[in-house]
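Residues in the sequence shown are numbered consecutively from 1155, following the numbering used here. Glycine included, each C-beta is placed from N, C-alpha and C at the ideal position.
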Amino acid sequence: ATFLAQKQNLKLVPLVEGDAVLLNICHVMQVNPEKFSKVNAEGAKAFVEFMVAPETQKTIGEFGKEKFGQSLFIPDAGKTMSDLAA
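So, in structure tokens, the structure goes:
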């Protein structure tokens, strides 16, 4: 995402693409409200459900396409490392 967003300001070309070690995976998880009593458990659950919802995953997958010619992020909810590395 950073490379695509800054491409016009850089004199760089990709040397390696598509390797699983280049994945920058982000996770969303709900903390245990029994261990953290001050957490907003309902809000956290709603946020997690929102982030993995098909509509949100579609939005994530399309973000940046219009401006940069390809998506800045790859939606990965429900995928395994094997799925992502393929």
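Counting C-beta pairs closer than 8 Å gives three or more between the segment 1230-1239 and the segment 1165-1184, which meets the contact rule.
Separation of K1189 and G1223 (C-alpha to C-alpha, rounded to the nearest whole angstrom) is 44 Å. For G1215, the uninterrupted alpha helix (DSSP H) run begins and ends at P1208 to E1216, by DSSP. The C-beta distance from F1201 to T1210 rounds to 10 Å, too long to meet the 8 Å contact threshold. Here the alpha carbon of A1207 sits roughly 22 Å from the alpha carbon of E1220. With contacts defined by Cβ atoms closer than 8 Å, G1218 and L1164 do not form a contacting pair. Straight-line spacing of the CA atoms in V1167 and Q1160 works out to 12 Å.
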